[in-house]
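**Q** What follows is a structure written as structure tokens; I'll ask about it next.
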Amino acid sequence: MSNIPPTRAAALAHLEAFAPRMGRLYAAGRNTDPGPGQRQDVSELSAHIRHRLITEEEVVRLALAHHGAEAAEKFIQEVFWRSYWKGFLELRPSMWRHFESKVAADQARLATDALLRGRHEMAMMGLTGIECFNAWVHELKETGYLHNHVRMWFAGIWIFTLKLPWALGADFFLHHLKDADPASNTLSWRWVAGIQTPGKHYVVRPENIERYTNDRFNPEGELDVCCEPLNEPPPPPPGSLPPADAARGRVALLLHSDDVTFWPERCEVVALAGLSVARPCADGAANFAEAALEDGLAMAEARLGTPAARLTPGSLAAWAMAQDVDAIVTPWAPVGWVADALAVAASGVPLLRARRAWDSTCWPLARAGFFPFKDKIPTILQELSIAPDALPLFGR
Ligand SMILES: Cc1cc2nc3c(=O)[nH]c(=O)nc-3n(C[C@H](O)[C@H](O)[C@H](O)COP(=O)(O)OP(=O)(O)OC[C@H]3O[C@@H](n4cnc5c(N)ncnc54)[C@H](O)[C@@H]3O)c2cc1C
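Numbering (the numbering used here), first residue to last: 2 to 397.
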């Protein structure tokens, strides 16, 4: 059901329907991909969570309410992968710059290396000799979604069998995914390549694909299973999380596609706008982000009782000047294209970047690998008053 409409109402309805499966059924079935239209054991809500039509906190609360901490542990951990990756990149913003310059350098290579360009084009058209890979290319382009296990296989085949540059693969995902996310995508591709956890790469095995696609595919003899991890510099050490701004007084609220349901506390919101940030990507991905923002704006308009202005980075400063407010408040845009656009467009604008308690609690903890982070999930849930009793059961 990877075509859940890009609205909060649709996401909540789907979430309610999926809630009974967030416990042991999820733990048992989440790695299997029975194919488009057949999936029952994963939520397919990543695009809605990524744009925050629904939040990580809402999803985790529902899982706990339905199943308790022990049975919902696996599902909750998966949701925390998103927060972990976001925190990891937020503490190391240079990794995003590094990725962008790698994409640019690889694209320049394509311009001069006809052989590489040909192999790259064949892969992006789904015209390799590997049937499963070709099917996933078509699914990605048609639906803007791939199952998590498929994303791992896809990236592994791209890097180690097709021997294409990892950054171009990550860029291809960002182009088509409705949940395209700078942190989860870049760092997951790095993880598959063996440069996120240096020396540990993800080797794709044909029998694994056969088993977890319910025998739909068997690429026996087609994959390079003797590959070595890529040799690139490891992630830099973490910096510290920049402080969020405290928003007070009479403000205008500026929403964007990184968080479409934010509402500042302790403020009098008197005006509203949505900022559209264009980026080069497929229509499906762009339309999802725009529609999610429209839905968020419609809810905020109903709450405020006045219509929202629709802005581009070029029209932000003039709109901000015309508001009779103490400040413009915007939800924190994590490292990525929205934050980049805001940084340029908001120069001279009294813009306060507010952050959800969820992010402020999780992100500073993403200093090393996921496992030490995972061990802190019970503490995080307690600190956020989400699961005060979960501690004894969780994280074993
Ligand atoms: C190479 C690669 C690239 C990826 N690129 C992206 C991306 O651009 N955007 C993106 O949102 N996710 C990305 N992921 C993570 C993950 O594959 C998707 O979030 C996942 O497929 C979501 O499907 P779902 O909603 O059905 O997940 P479910 O299994 O139902 O999980 C529930 C929620 O937990 C979160 N989640 C689950 N697994 C992960 C994970 N491994 N990492 C981060 N969050 C997770 C998602 O918010 C998801 O909606 C990538 C993974 C890999 C291996």
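Positions of the beta carbon are idealized from the N, C-alpha and C atoms, including for glycine.
Measure the alpha-carbon distance for Pro393 versus Thr362 and round it to whole angstroms.
**A** For the purposes of this step, residue 393 is identified with residue 392 of the sequence shown, where counting begins at 1. For the purposes of this step, residue 362 is identified with residue 361 of the sequence shown, where counting begins at 1. Bear in mind that the predicted position of Pro393 carries a pLDDT of just 49, short of 50, making it too unreliable to give a figure here.
**Q** For Leu276, write down the residues that DSSP places opposite it in a beta bridge.
**A** For the purposes of this step, residue 276 is identified with residue 275 of the sequence shown, where counting begins at 1. For Leu276, which the question treats as bridged, DSSP gives the partners His257 and Leu312.
**Q** Could you give the distance in angstroms between the alpha-carbon of Gly315 and the alpha-carbon of Ala346?
**A** To locate residue 315, count along the sequence shown from 1; it is residue 314. To locate residue 346, count along the sequence shown from 1; it is residue 345. Computed Cα separation, rounded: 6 angstroms.
**Q** To the nearest angstrom, how far is the alpha carbon of Gly396 from that of Ile378?
**A** On the sequence shown, position 395 is the one that residue 396 refers to. On the sequence shown, position 377 is the one that residue 378 refers to. Residue placement at Gly396 cannot be trusted, given a pLDDT of 49 that sits under 50; the coordinates are not used to answer.
**Q** Would you call the stretch 163-183 and the stretch 99-108 in contact, with 3 or more CB pairs under 8 angstroms?
**A** With a cut-off of 8 angstroms, the stretch 99-108 and the stretch 163-183 count as touching, because enough Cβ pairs lie within range.
**Q** Sorted by chain position, which residues of the same chain lie with C-beta nearer than 6 angstroms to Leu273's C-beta, five sequence neighbours on each side aside?
**A** Here residue 273 refers to the residue found at position 272 of the sequence shown. Only Leu254, Ala301, Leu305 and Ala309 meet the Cβ criterion.
**Q** Which one of Leu16, Phe81 and Gly38 has the shortest CA to CA distance from Phe372?
**A** One-based indexing of the sequence shown puts residue 372 at position 371. If we check each option's Cα against that of Phe372, Phe81 comes out closest.
**Q** Grouping DSSP H, G and I as helix and E and B as strand, with all else coil, what is Ile196?
**A** Taking the first residue of the sequence shown as position 1, residue 196 is located at position 195. Looking at Ile196 - three-state DSSP - the assignment turns out to be coil, as it is neither helix nor strand.
**Q** Among Glu211, His121 and Arg191, which one has its Cα closest to the Cα of Cys133?
**A** Start at 1 with the first residue of the sequence shown, and residue 133 comes out as number 132. The shortest C-alpha separation from Cys133 is found at Glu211.
**Q** Could you tell me how far apart the beta carbons of Trp97 and Thr187 are, in whole angstroms, since I believe they sit closer than 8 angstroms?
**A** For the purposes of this step, residue 97 is taken as residue 96 along the sequence shown, with counting starting at 1. For the purposes of this step, residue 187 is taken as residue 186 along the sequence shown, with counting starting at 1. Indeed they touch by this definition, with Cβ atoms about 7 angstroms apart.
**Q** Ignoring anything shorter than 4 residues or poking outside the stretch 332-372, list the alpha helix (DSSP H) runs there in chain order.
**A** 338-346 and 358-363
**Q** Am I right that Arg93 and Ala245 are in contact with their C-beta atoms under 8 angstroms? What's the rounded C-beta distance?
**A** Along the sequence shown, one-based indexing puts residue 93 at 92. Along the sequence shown, one-based indexing puts residue 245 at 244. Wrong, their Cβ atoms sit about 18 angstroms apart, outside the cutoff.
**Q** Rank His176, Asp34, Ala70 and His148 by C-alpha distance to the C-alpha of Asp284 and give the top, closest one.
**A** Here residue 284 corresponds to residue number 283 of the sequence shown, with the count starting at 1. Of the listed residues, the one whose Cα sits closest to Asp284 is His176.
**Q** Buried or exposed for Thr113, going by 16 or more other Cβ atoms inside 10 Å?
**A** Your numbering for residue 113 matches position 112 in the sequence shown. Classification of Thr113: exposed, given that the 10 Å Cβ count is below 16.
**Q** How many Å lie between Trp192 and Val138 at the Cα?
**A** The count along the sequence shown starts at 1 and reaches residue 192 at position 191. The count along the sequence shown starts at 1 and reaches residue 138 at position 137. For Trp192 and Val138, the distance between alpha carbons rounds to 20 angstroms.
**Q** So, does the stretch 85-92 touch the stretch 213-226, judging by three or more C-beta pairs under 8 angstroms?
**A** no
**Q** Is it the case that the stretch 157-165 contacts the stretch 222-236, given that we only count it when at least three CB pairs across the two stretches are under 8 angstroms?
**A** yes
**Q** Leaving out five residues on either side along the sequence, give the residues of the same chain with a beta carbon under 6 angstroms from the beta carbon of Ala1.
**A** Lying before the first or after the last residue shown, residue 1 is absent from the chain, which here runs from 2 to 397.
**Q** Nearest to Lys375 by alpha carbon, out of Ala10, Ala293, Val204 and Glu79?
**A** Locating residue 375 in the sequence shown gives position 374, where the first residue counts as 1. If you compare the alpha carbons of Ala10, Ala293, Val204 and Glu79 with that of Lys375, the shortest gap goes to Glu79.
**Q** Tell me the rounded alpha-carbon separation between Ala388 and Glu58.
**A** For the purposes of this step, residue 388 is taken as the residue at position 387 of the sequence shown. For the purposes of this step, residue 58 is taken as the residue at position 57 of the sequence shown. Taking the straight line joining both Cα atoms gives about 11 angstroms.
**Q** What distance in whole Å lies between the Cβ atoms of Arg51 and Asp182, which are believed to be in contact at a cut-off of 8 angstroms?
**A** By one-based count along the sequence shown, residue 182 stands at place 181. By one-based count along the sequence shown, residue 51 stands at place 50. Between Arg51 and Asp182 the Cβ distance is about 5 angstroms, and since that is below 8 angstroms, they are a contact.
**Q** Out of Val151, Gly145 and Thr129, state which residue places its alpha-carbon closest to the alpha-carbon of Leu163.
**A** Position 162 of the sequence shown, counted from the first residue, corresponds to residue 163. The candidate whose alpha carbon is nearest that of Leu163 is Thr129.
**Q** Pairs of beta-carbons, one from the stretch 13-21 and one from the stretch 142-152, closer than 8 angstroms: are there three or more?
**A** no
**Q** So does Phe174 have its beta carbon nearer than 7 angstroms to some heavy atom of ligand 2?
**A** Absence of ligand 2 from the depicted structure is noted, with ligand 1 being the only ligands included.
**Q** Let me know the secondary structure DSSP gives Gly250 once reduced to three states.
**A** The residue given as residue 250 occupies position 249 in the sequence shown. In this structure, Gly250 counts as strand in the three-state DSSP scheme.
**Q** Using a threshold of 7 angstroms, is the CB atom of Met125 nearer than that to any non-hydrogen atom of ligand 1?
**A** Looking up residue 125 in the sequence shown gives position 124. For ligand 1, not one heavy atom lies less than 7 angstroms from the Cβ of Met125.
**Q** With 16 as the cutoff for other CB atoms within 10 Å, does Pro234 come out buried or exposed?
**A** Taking the sequence shown and counting its residues from 1, the one referred to as residue 234 is at position 233. Pro234 should be labelled exposed.
**Q** Alpha carbon to alpha carbon, how far is Gly297 from Asp260? Give it in angstroms, no decimals.
**A** Within the sequence shown, the letter at position 259 stands for residue 260. Within the sequence shown, the letter at position 296 stands for residue 297. About 9 angstroms.
**Q** Could you name the residues of the same chain whose beta carbon sits closer than 6 angstroms to that of Ala48, not counting the 5 residues immediately before and after it, in chain order?
**A** Residue numbering aside, residue 48 sits at position 47 when the sequence shown is read from its first letter. Closer than 6 angstroms at the Cβ level, and outside the excluded window around Ala48, lie Lys179, Asp180 and Phe289.
**Q** The alpha helix (DSSP H) that contains Trp137, what's its start and end?
**A** One-based indexing of the sequence shown puts residue 137 at position 136. Counting along the chain, the alpha helix (DSSP H) containing Trp137 begins and ends at Glu132 to Thr144.
**Q** Let me know the beta strand (DSSP E) ranges lying completely inside the stretch 208-244, each 3 residues or longer, listed in chain order.
**A** none
**Q** Excluding sequence positions up to five away, which residues of its chain have a Cβ less than 7 angstroms from the Cβ of Glu140?
**A** Against the sequence shown, residue 140 aligns to sequence position 139. So the list reads Pro37 and Leu147, once near-sequence residues are dropped.
**Q** Looking only at its chain, what residues have a beta carbon closer than 6 angstroms to the beta carbon of Asp311, apart from the 5 residues adjacent to it on each side?
**A** Counted from its first residue, the sequence shown places residue 311 at position 310. Just to set this straight, residue 311 is Arg in the shown sequence, not Asp. Cβ within range, chain order: Gly275.
**Q** Let's see if you can read the secondary structure: which residues bound the alpha helix (DSSP H) around Pro379?
**A** Your numbering for residue 379 matches position 378 in the sequence shown. Its alpha helix (DSSP H) spans residues Ile378 to Glu384.
**Q** Along the alpha helix (DSSP H) that carries Ile77, what are the first and last residues, could you check?
**A** By 1-based counting over the sequence shown, the position of residue 77 is 76. Segment Glu74 to Glu91, the alpha helix (DSSP H) holding Ile77.
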